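J.: Below is a structure I'd like to ask you about.
There are 2 protein chains.
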Amino acid sequence: MAGTQKVDMDGKPRAVIMNVAMHLFGKQGFNGTSMRVIANAVGLLPGSLYAHIESKEALLLEIVADGIERFLAAVEPHVASSGNPLDRLRKMIIAHVEVVADNPERSQVVFHQWRFLSPEYLPEAIERRRRYEACFVEVIEEGVKTGLIRSDLNHRIAVLSILGAMNWTPEWFSPDGRLSAAEVGDLMANTLLGGILS
Amino acid sequence: MAGTQKVDMDGKPRAVIMNVAMHLFGKQGFNGTSMRVIANAVGLLPGSLYAHIESKEALLLEIVADGIERFLAAVEPHVASSGNPLDRLRKMIIAHVEVVADNPERSQVVFHQWRFLSPEYLPEAIERRRRYEACFVEVIEEGVKTGLIRSDLNHRIAVLSILGAMNWTPEWFSPDGRLSAAEVGDLMANTLLGGILS
DNA sequence: CGCATTAACAAACATTTGTTTATTAGCAAG
DNA sequence: CTTGCTAATAAACAAATGTTTGTTAATGCG
Chain B
88 MAGTQKVDMD
98 GKPRAVIMNV
108 AMHLFGKQGF
118 NGTSMRVIAN
128 AVGLLPGSLY
138 AHIESKEALL
148 LEIVADGIER
158 FLAAVEPHVA
168 SSGNPLDRLR
178 KMIIAHVEVV
188 ADNPERSQVV
198 FHQWRFLSPE
208 YLPEAIERRR
218 RYEACFVEVI
228 EEGVKTGLIR
238 SDLNHRIAVL
248 SILGAMNWTP
258 EWFSPDGRLS
268 AAEVGDLMAN
278 TLLGGILS
Chain L
88 MAGTQKVDMD
98 GKPRAVIMNV
108 AMHLFGKQGF
118 NGTSMRVIAN
128 AVGLLPGSLY
138 AHIESKEALL
148 LEIVADGIER
158 FLAAVEPHVA
168 SSGNPLDRLR
178 KMIIAHVEVV
188 ADNPERSQVV
198 FHQWRFLSPE
208 YLPEAIERRR
218 RYEACFVEVI
228 EEGVKTGLIR
238 SDLNHRIAVL
248 SILGAMNWTP
258 EWFSPDGRLS
268 AAEVGDLMAN
278 TLLGGILS
């Protein structure tokens with residue numbers, strides 16, 4: 088009786104479908120997830136999905152767009168806020184990890200499955216990703232100008248290292264673990280900002 | 088006439104097929120790459136591939152196994168070598184980036200497509216990944232014991248941050264860029280080991 | 001040449017893919 | 001009760017999937 092369990096359809100069924108698709112896309116990938124397994128997980132027949140959604144790609148598009156928006160919404164407020172750049176950067180890292188931890192599967196879709204958007208929607212997704220990176224570049228450069236951050240290192244490499252470390256978190260973070268998302272984010276900030284040297 | 092160009096079949100055709108599949112798997116994903124597009128890229132008809140390979144999954148298995156082995160071969164020598172842990176860790180980071188840069192697509196397969204191995208081969212792949220992580224854990228813990236590395240930070244988080252930063256490199260590294268792989272690795276080591284504080 | 005071997009082809013295979021259609025059950029409002 | 005609407009079903013669609021088959025062209029060796 089595996090995989091035959093229904094999902095409570097309280098609330099708009101479109102949201103239920105989106106949610107199920109999000110988890111499956113995150114775990115099996117977009118191309119590794121058929122409409123039939125989505126339907127089965129929701130508790131519907133394949134064709135019935137199309138009463139609520141337009142297409143498989145529309146699902147992906149909405150998940151990706153909404154997902155990126157959540158990261159931006161969590162991080163952008165700290166970019167231009169008051170306080171010194173270092174504290175702000177720490178807050179951004181924590182915020183990022185919190186968004187990841189809130190839903191690792193969604194994060195995986197945002198980080199990896201956006202490639203499978205059709206050329207029509209790709210540029211917008213890429214632009215939003217660029218905007219996200221720009222947030223970190225901006226704060227780091229401000230930190231360099233104010234003398235809080237080393238000026239002898241390659242900023243681009245530093246930003247990409249930080250982003251990489253953060254984007255890897257859905258790969259290992261467990262909501263059942265000992266550390267909360269905020270704690271993990273704080274510890275990551277310790278490593279990334281202060282380094283590991285004693 | 089797009090996609091009809093043949094590939095020079097010098098050398099064993101199996102290696103050519105593997106190489107083509109590796110690049111496509113890395114860019115489009117395992118499930119996003121059909122045997123037909125592989126065949127077309129190689130310059131063969133779909134069925135002809137099976138004179139040289141056993142199955143699509145056999146391709147993936149070999150690419151993943153061989154790929155992980157390259158990372159291990161590059162990094163493991165530094166784990167138990169002489170020299171202080173910090174220098175060794177730096178060398179490991181550089182070695183890792185060099186393997187990524189040598190073939191970013193292969194790295195993407197190693198990092199992301201191993202999920203699509205069948206349950207039969209999954210455990211071995213996971214075990215090899217674990218072994219790889221263990222290399223970094225070992226050196227870092229030695230660094231802590233010898234007092235070279237801060238003991239006030241979470242080692243696991245530190246290792247995962249470093250691994251995350253490194254595993255993100257295939258996402259942005261370009262062989263045509265200004266920096267060589269070794270230079271990028273060195274700069275990343277600066278950031279990850281020393282932090283960004285001034 | 002004659003013969004075995006190799007590797008390619010052309011064609012088909014059974015399934016699975018995303019999606020559409022025609023139809024039916026459930027239910028609220030007049 | 002009847003009407004109208006929503007959302008599900010059952011069934012089918014064309015296309016694409018990984019793979020197998022029977023056959024043919026090319027190659028090396030006695």
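Chains as they are written, first to last, in this note's numbering: chain B, 88 to 285; chain L, 88 to 285. Just so it is clear, CB atoms sit at the ideal spot from N, CA and C, and this is done for glycine as well. Since the model is a prediction, treat every value here as computed from it, not as a measurement.
To the nearest angstrom, how far is the alpha carbon of Tyr-37 of chain B from that of Leu-131 of chain L?
T.: Here chain B comprises residues numbered 88 to 285, so residue 37 of chain B is not present and cannot be evaluated.
J.: From which residue to which residue does the alpha helix (DSSP H) around Leu-274 of chain L run?
T.: From DSSP, the alpha helix (DSSP H) with Leu-274 of chain L extends over 268-281.
J.: For Pro-262 of chain L, count the other beta carbons within 10 Å of its own beta carbon; 16 or more makes it buried, fewer makes it exposed. Which is it?
T.: When all chains shown are included, Pro-262 of chain L counts as exposed.
J.: Pick out whichever of B:His-199, B:Ala-245 and B:Trp-259 has its Cα sitting closest to the Cα of Gly-282 of chain B.
T.: The shortest Cα separation from Gly-282 of chain B among B:His-199, B:Ala-245 and B:Trp-259 belongs to B:Ala-245.
J.: Going by CA-CA distance only, name the one from B:Leu-147, B:Gly-234 and B:Leu-159 that's closest to Ser-285 of chain L.
T.: Here the closest residue by C-alpha is B:Gly-234.
J.: Near Leu-146 of chain B, what residues of its chain come up, given a Cβ to Cβ distance below 7 Å and the 5 sequence neighbours on each side ignored?
T.: The residues are Met-105, Ala-108 and Ile-140.
J.: Does the distance from the CB of Glu-185 of chain B to the CB of Ala-268 of chain B come in under 8 Å?
T.: Yes, they are a contact pair.
J.: Do you know how far the Cα of Asn-241 of chain B is from the Cα of Leu-136 of chain L?
T.: Each residue's Cα considered, the two are about 46 Å apart.
J.: Please list, in chain order, the chain B residues whose beta carbon lies closer than 8 Å to that of Phe-223 of chain L.
T.: Going along chain B, no residue has its Cβ under 8 Å from Phe-223 of chain L, so there is no contact; the nearest lies around 11 Å.
J.: With a threshold of 7 Å on Cβ separation, who are the neighbours of Leu-280 of chain L within its own chain once the five nearest residues in sequence on each side are excluded?
T.: Here the set comprises Leu-173, Leu-176 and Arg-177.
J.: Does Asn-277 of chain L get closer than 8 Å to chain B when you measure Cβ to Cβ?
T.: So, interface residue.
J.: Please look up how many angstroms separate the CB atoms of Val-162 of chain L and Met-179 of chain L, rounded, as I've assumed it's under 8 Å.
T.: Val-162 of chain L to Met-179 of chain L, Cβ: 5 Å. Contact.
J.: Rounded to whole angstroms, what is the Cα-Cα separation between Leu-274 of chain B and Ile-181 of chain B?
T.: When rounded, the distance between both Cα atoms is 9 Å.
J.: So, at 6 Å on beta carbons, what are the nonlocal neighbours of Phe-117 of chain L in its own chain, with the 5 sequence-adjacent residues on each side left out?
T.: Taken in chain order, the residues that qualify are Leu-147, Gln-200 and Phe-203.
J.: Taking Arg-101 of chain L as the reference, which of L:Ala-221, L:Phe-158 and L:Val-129 has the closest Cα?
T.: Of the candidates L:Ala-221, L:Phe-158 and L:Val-129, the one whose C-alpha sits nearest the C-alpha of Arg-101 of chain L is L:Val-129.
J.: Comparing C-alpha positions only, which one of B:Asn-190, B:Pro-257, B:Cys-222 and B:Arg-123 sits nearest to His-165 of chain B?
T.: When only C-alpha atoms are compared, the closest one is B:Cys-222.
J.: Between which residues of its own chain and Leu-250 of chain B is the CB-CB distance below 7 Å, once the five residues before and five after are set aside?
T.: Around Leu-250 of chain B: Glu-220 and Phe-223.
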